[in-house]
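Mapping of the sequence shown onto numbering that gives the first Met the number 0: position 93 corresponds to residue 92, and the numbering continues sequentially without gaps.
Note that the Cβ used here is the ideal one computed from N, Cα and C, for glycine as well.
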Amino acid sequence: MADYDYDLFVIGAGSGGVRAARLAAELGVRVGIAEEYRIGGTCVIRGCVPKKLLVYGSRYRSAFEDAPSFGWTYDNLKFDWPTLIGNVRREVDRLNGVYTRTLEAAGVDRFLTRAVLEDAHTVRLADRDKTITAKTILIATGGHPIIPDVPGKEHLISSNECFQLEALPDSIVIIGAGYISMEFASIFNGLGVHVTVLYRGDQILRDFDDDLRNGLAASMRKHGIDLRMNADIEAVVKEEGGYRIRLKDGDSIRAGLVMAATGRAPNIAGMGLEALGVERGWNGNIVVDEYSKSSVDTIYAVGDVTDRVNLTPVAIREANDFAETLFNNKPTPVDYDCIPTAVFSDPELGTVGLSEVKAREIYANIDLYKSLFRPMKYTLPGRDDKMLMKLVIDADTNKVLGCHILGPDAAEIVQMAAIALKMGATKADFDRTMALHPSSAEELFTMRHRWEPPKPIVGSDAAA
Ligand SMILES: Cc1cc2nc3c(=O)[nH]c(=O)nc-3n(C[C@H](O)[C@H](O)[C@H](O)COP(=O)(O)OP(=O)(O)OC[C@H]3O[C@@H](n4cnc5c(N)ncnc54)[C@H](O)[C@@H]3O)c2cc1C
0 MADYDYDLFV IGAGSGGVRA ARLAAELGVR VGIAEEYRIG GTCVIRGCVP KKLLVYGSRY
60 RSAFEDAPSF GWTYDNLKFD WPTLIGNVRR EVDRLNGVYT RTLEAAGVDR FLTRAVLEDA
120 HTVRLADRDK TITAKTILIA TGGHPIIPDV PGKEHLISSN ECFQLEALPD SIVIIGAGYI
180 SMEFASIFNG LGVHVTVLYR GDQILRDFDD DLRNGLAASM RKHGIDLRMN ADIEAVVKEE
240 GGYRIRLKDG DSIRAGLVMA ATGRAPNIAG MGLEALGVER GWNGNIVVDE YSKSSVDTIY
300 AVGDVTDRVN LTPVAIREAN DFAETLFNNK PTPVDYDCIP TAVFSDPELG TVGLSEVKAR
360 EIYANIDLYK SLFRPMKYTL PGRDDKMLMK LVIDADTNKV LGCHILGPDA AEIVQMAAIA
420 LKMGATKADF DRTMALHPSS AEELFTMRHR WEPPKPIVGS DAAA
């Protein structure tokens with residue numbers, strides 16, 4: 000048998016790479032890992048974690064607005080961005096240390112450098128004249144933000160730079176309407192920055208359930224965010240004190256900062272994939288089978304670089320199943336059914352299973368249950384925000400196909416609903432579950448009447 004430096008060499012120490020390296024090492028495998036930036040990857044360093052901390056920070060504004068109706072008064076309320084971002088960075092540093100120590104404790108050798116493929120068993124460490132051989136190589140290099148190719152694109156920042164800002168702008172234009180755009184729009188708005196969102200399409204959050212998309216767009220507008228759909232950018236021009244964003248329809252907007260949230264692409268450039276004949280997908284992603292194996296037998300890939308479902312828990316599960324398959328003699332294909340997901344906008348959105356549109360494509364008969372109500376915590380402040388809950392049911396089997404929530408704690412509720420959907424729960428199972436009172440979540444279990452589309456207004460009513 001060939002003698003390799005390692006049984007497994009992992010390129011990229013993010014969510015997927017760290018999990019695969021640790022599990023493999025704990026199973027007795029000799030593991031090395033290379034990371035070109037910071038151990039922890041996107042999620043920990045410049046994604047989920049620092050973003051959610053900023054979300055928490057931004058939500059204090061509405062909490063303070065509502066506080067007087069609960070009897071609290073305060074003087075001299077101030078917000079200080081350097082304090083918030085400084086604390087966020089300290090937490091990121093702490094987690095970076097935790098991830099590093101986890102690898103260390105598992106006995107994984109760490110190389111803080113870029114690594115690329117030399118051949119099917121060899122990686123080259125870019126910052127030193129060194130190659131390392133391994134029986135198996137796992138590529139877990141994640142992705143990076145795409146900056147749209149418009150004149151003035153050099154002026155655009157991405158989500159990465161949002162965590163590096165030393166001061167907040169007075170206003171920001173965010174290009175794109177995916178989840179990262181919605182989250183940063185809500186963060187900046189909550190922190191007092193005037194936010195405009197520009198998007199080429201006709202509604203935010205493509206692929207989410209339409210009731211959530213429409214409900215969130217209406218709420219964000221009510222909260223003061225200028226959401227402009229069907230808006231195409233012509234150019235971004237630097238001007239005194241900020242930027243001017245010119246639109247193709249002739250309009251233009253001034254902003255202190257311009258952010259692109261126009262999608263992400265896999266980190267594959269210069270990795271040596273072409274020379275090895277590793278098959279790639281529509282946007283350069285590494286194509287893998289259900290066990291995360293690429294078209295080259297010794298090379299595997301997990302996480303965003305494979306562009307399957309680009310979420311942290313999915314990268315972690317893919318890594319877990321890769322390690323089980325290769326090093327624990329338990330071939331485990333990744334199961335992508337019923338992945339819960341959230342958008343930490345204001346209001347928050349949580350969803351699991353099929354949207355109404357998707358369900359109608361697959362199933363002949365769909366029942367809908369919807370509830371639109373004011374959460375109890377908004378009653379005393381008289382806040383006019385509504386919470387939306389929606390269940391999509393297969394009318395023939397009574398199975399719950401989708402659960403969609405817009406409003407406070409939607410993510411937490413949907414995480415638990417995901418267990419029920421994963422187990423194949425029916426609407427009858429929801430109905431016989433005792434409600435927990437008083438809570439918002441209880442609405443999910445008390446929706447007795449099928450939702451019927453409003454009847455079209457005809458005859459003399461229509462004219463009235
Ligand atoms: C702003 C933002 C918010 C997000 N919020 C959420 C959320 O709320 N929930 C959620 O589930 N997901 C969220 N995500 C997505 C999530 O962060 C990713 O799906 C996840 O991090 C993917 O993990 P990964 O292991 O594939 O890659 P990553 O975590 O990106 O790790 C890849 C690592 O590889 C390193 N690397 C790249 N090339 C090389 C090389 N050649 N040599 C050495 N190292 C290399 C990179 O520096 C990086 O550290 C968010 C992403 C962003 C950008």
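- Excluding sequence positions up to five away, which residues of its chain have a Cβ less than 7 Å from the Cβ of arginine 212? Within the sequence shown, numbered from 1, the residue matching residue 212 stands at position 213. Listed in chain order, the non-local C-beta contacts of arginine 212 below 7 Å within the same chain comprise Gln202, Ile203, Leu204, local neighbours out to five positions each way being set aside.
- Message: Can you determine whether any heavy atom of ligand 1 sits closer than 8 Å to the C-beta of cysteine 402, and answer yes or no?
- Response: Within the sequence shown, the letter at position 403 stands for residue 402. The beta carbon of cysteine 402 sits no closer than 8 Å to any heavy atom of ligand 1.
- Message: Which residue wins for smallest C-alpha separation from tyrosine 368, given the options Asn284, Val391, His154?
- Response: Indexing the sequence shown from 1 puts residue 368 at position 369. Closest by C-alpha distance to tyrosine 368, out of Asn284, Val391, His154, is Val391.
- Task: With DSSP as the reference, label lysine 51 as helix, strand or coil.
- Result: Counting from one through the sequence shown, the residue named residue 51 turns up at place 52. In the structure shown, lysine 51 sits in a helix (DSSP, three-state: H, G or I).
- Residue range of the beta strand (DSSP E) that includes tyrosine 5: Here residue 5 refers to the residue found at position 6 of the sequence shown. Looking at the DSSP string, the run of the beta strand (DSSP E) that includes tyrosine 5 is 5-10.
- Query: With distances taken from CA atoms, which of Ile361, Gly352, His436, Asp384 is nearest alanine 417?
  - Reply: The residue given as residue 417 occupies position 418 in the sequence shown. Distances from the alpha-carbon of alanine 417 to those of Ile361, Gly352, His436, Asp384 put Gly352 closest.
- Message: Taking a contact to mean a Cβ-Cβ separation below 9 Å, would you say threonine 121 touches isoleucine 131 in this structure?
- Response: Your numbering for residue 121 matches position 122 in the sequence shown. Your numbering for residue 131 matches position 132 in the sequence shown. Between threonine 121 and isoleucine 131, the CB-CB gap stays under 9 Å.
- Message: For methionine 0 and glycine 142, what's the separation of their Cα atoms in angstroms?
- Response: Residue mapping note: residue 0 aligns to position 1 of the sequence shown, counting from 1. Residue mapping note: residue 142 aligns to position 143 of the sequence shown, counting from 1. The predicted model places methionine 0 with a pLDDT of 48, which falls under 50 and marks its position as unreliable, so this point remains unresolved.
- Starting from phenylalanine 183, follow its DSSP beta bridges and name the residues at the other end. Here residue 183 is taken as the residue at index 184 of the sequence shown, counted from 1. Note: phenylalanine 183 sits in no beta bridge, so no partner.
- Item | aspartate 320 CB to nearest heavy atom of ligand 1 below 8 Å | Reading the sequence shown from its first residue, position 321 is the one you call residue 320. Of the heavy atoms belonging to ligand 1, none sits nearer than 8 Å to the Cβ of aspartate 320.
- Enumerate, from N- to C-terminal direction, the unbroken beta strand (DSSP E) stretches of 3 or more residues contained entirely within the region 183-263. The DSSP assignment places complete beta strand (DSSP E) segments of no fewer than 3 residues inside the region 183-263 at 193-197, 225-227, 232-238, 241-246, 251-254, 256-259, in order along the chain.
- Message: Can you tell me whether histidine 403 is buried or exposed? The criterion is at least 16 other CB atoms within 10 Å of its CB, across all chains shown.
- Response: Counting from 1 along the sequence shown, the entry for residue 403 is found at position 404. With 16 or more other Cβ atoms within 10 Å, it is buried.
- Which whole-angstrom value describes the C-beta separation of tyrosine 290 and threonine 324, a residue pair presumed to lie in contact below a C-beta threshold of 8 Å? Taking the sequence shown and counting its residues from 1, the one referred to as residue 290 is at position 291. Taking the sequence shown and counting its residues from 1, the one referred to as residue 324 is at position 325. Contact flag correct, Cβ pair sits at about 5 Å.
- Message: By the DSSP assignment, the alpha helix (DSSP H) with alanine 314 in it spans what residues?
- Response: Start at 1 with the first residue of the sequence shown, and residue 314 comes out as number 315. Bounds of the alpha helix (DSSP H) holding alanine 314 are 311-326.
- Cα separation between glutamate 360 and valine 301? Taking the sequence shown and counting its residues from 1, the one referred to as residue 360 is at position 361. Taking the sequence shown and counting its residues from 1, the one referred to as residue 301 is at position 302. Approximately 30 Å, taken between the alpha carbons.
- For the beta strand (DSSP E) holding cysteine 42, just list the boundary residues, first then last. In the sequence shown, the residue the question calls residue 42 occupies position 43. Taken as a continuous stretch (DSSP letters only), cysteine 42 belongs to no beta strand (DSSP E), being part of the alpha helix (DSSP H) at 40-45.
- Query: DSSP three-state call for aspartate 408: helix, strand or coil?
  - Reply: Translated into positions along the sequence shown, residue 408 becomes position 409. DSSP places aspartate 408 outside both helix and strand once states are collapsed to three, so it counts as coil.
- Span of the beta strand (DSSP E) around arginine 123: Your numbering for residue 123 matches position 124 in the sequence shown. Arginine 123 -> beta strand (DSSP E) spans 121-124.
- Task: Out of Ile179, Ile338, Arg243, point me to the one whose CA is closest to arginine 263's CA.
- Result: Sequence index remark: in the sequence shown, residue 263 carries index 264 (1-based). Among Ile179, Ile338, Arg243, the Cα nearest to that of arginine 263 belongs to Ile179.
- Query: Who are the near neighbours of alanine 462 in its chain, counting only those whose CB is closer than 7 Å to its CB and skipping five residues on each side?
  - Reply: Taking the first residue of the sequence shown as position 1, residue 462 is located at position 463. Any reading at alanine 462 needs caution, since the residue's pLDDT is 47, under 50, leaving its predicted position unreliable; the model's value is listed next. Excluding positions up to five away in sequence, the list is empty.
- Item | Candidates Phe8, Gly13, Leu124: closest to alanine 24 by CA position | In the sequence shown, the residue the question calls residue 24 occupies position 25. Distances from the CA of alanine 24 to each of Phe8, Gly13, Leu124 were compared; the closest alpha carbon is that of Phe8.
- Query: Exposed or buried, threonine 396, counting other C-beta atoms within 10 Å across all chains shown (16 or more means buried)?
  - Reply: As a position in the sequence shown, residue 396 is number 397, starting the count at 1. Burial call: exposed.
- Task: Going by DSSP, name the residue or residues bridged to threonine 305.
- Result: Stepping through the sequence shown from its first residue, residue 305 is reached at position 306. Its beta-bridge partners do not exist; DSSP assigns none.
- Message: Taking its Cβ as the centre, do 16 or more other Cβ atoms sit within 10 Å of threonine 82, making it buried, or is it exposed?
- Response: As a position in the sequence shown, residue 82 is number 83, starting the count at 1. Threonine 82 is exposed by the Cβ-count criterion.
- Query: Apart from the five residues just before and just after alanine 341, which ones in its own chain have a Cβ nearer than 6 Å to its Cβ?
  - Reply: Your numbering for residue 341 matches position 342 in the sequence shown. Non-local C-beta neighbours of alanine 341 in its own chain, meaning closer than 6 Å and more than five positions away in sequence, comprise Gly349, Ala410, ordered along the chain.
- Distance, lysine 376 Cα to asparagine 75 Cα: Taking the first residue of the sequence shown as 1, we reach residue 75 at position 76. Taking the first residue of the sequence shown as 1, we reach residue 376 at position 377. Between asparagine 75 and lysine 376, the C-alpha separation is close to 25 Å.
- Query: Roughly how many whole angstroms lie between the Cα atoms of serine 344 and aspartate 250?
  - Reply: Here the question's residue 344 lines up with position 345 in the sequence shown. Here the question's residue 250 lines up with position 251 in the sequence shown. Roughly 27 Å between the two C-alpha positions.
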